[in-house]
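Under the numbering used here, think of the first position of the sequence shown as 1284, with each following residue one higher.
Backbone N, C-alpha and C define an ideal beta-carbon position, used for all residues, glycine too.
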Amino acid sequence: MVSDITGITGMAIIRAIAAGERDPQILAAKKHYRTKRSQAEIAAALNGDYRSEHVFVLQQELHLYDVYQTQIAACDRQIQECLAQFSDKVNLNESLLPQPKHPRNKPQGNEPAFDLRTHLYRISGVDFTAIDGLGILTVQTIISEVGLDPRTPIQ
């Protein structure tokens, strides 16, 4: 009964199952304190038939998940390096980026692990995320497709 299997609790349980743990109580004890479900509810959901062929597939998928996470991190680093090469339209020491409307402690979904919002503000001079409905990934996509120079013809 864990809704986000890629969260702290979900990944801890999946890694334990892949490593050979089958006891629902031990698996449920890996519950993160912020998980809404109780340890008993999680343990009840983990009663099952851990057939070897299914565990094997889980191990394979977990390995691929880890490989893809490494690849995504490499892409994030490359994007950050590319953004660093753009000239500044705003001096961040003189013109501070306003606080986001909905601040977050960590990236959501597919957001990169670095501060993309600040980079895009620095190179565009505008905090597009202040517009309702424009998330940071949408802004990145628009800038990458349209560009920053309004004089550039769109084909």
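Neighbourhood of residue i by C-beta distance below 7 Å, restricted to the same chain and skipping five residues each side
i            : result
residue 1407 : 1372, 1426, 1431
residue 1399 : 1419, 1423
residue 1299 : 1310, 1313
Integer Cβ distance of residue i from residue j, believed to fall under 8 Å
i            : j            : result
residue 1397 : residue 1359 : 6 Å
residue 1413 : residue 1433 : The pair is not a contact, with the Cβ atoms about 19 Å apart (cut-off 8 Å).
residue 1327 : residue 1308 : Residue 1327 to residue 1308, Cβ: 10 Å. No contact.
Own chain residues within Cβ distance below 8 Å of residue i, not counting five before or after
i            : result
residue 1333 : 1300, 1305
residue 1315 : 1290, 1291, 1292, 1295
residue 1356 : 1396
For residue j and residue i, the rounded distance between their alpha carbons
i            : j            : result
residue 1322 : residue 1289 : 18 Å
residue 1364 : residue 1416 : 27 Å
residue 1342 : residue 1294 : 12 Å
residue 1285 : residue 1377 : 45 Å
residue 1368 : residue 1384 : 28 Å
residue 1392 : residue 1287 : 11 Å
residue 1379 : residue 1394 : 22 Å
residue 1347 : residue 1411 : 35 Å
residue 1351 : residue 1370 : 31 Å
residue 1404 : residue 1353 : 27 Å
residue 1374 : residue 1335 : 58 Å
residue 1429 : residue 1409 : 15 Å
Cβ neighbours of residue i in the same chain (closer than 6 Å, five flanking residues each side left out)
i            : result
residue 1318 : 1292
residue 1402 : 1366
residue 1296 : 1310, 1313
Residue i - containing alpha helix (DSSP H), residue span
i            : result
residue 1344 : 1335 to 1367
residue 1405 : 1399 to 1407
residue 1420 : 1419 to 1429
Under the three-state DSSP convention, the category residue i falls into
i            : result
residue 1288 : coil
residue 1307 : helix
residue 1325 : helix
residue 1293 : helix
residue 1315 : coil
residue 1300 : helix
residue 1413 : helix
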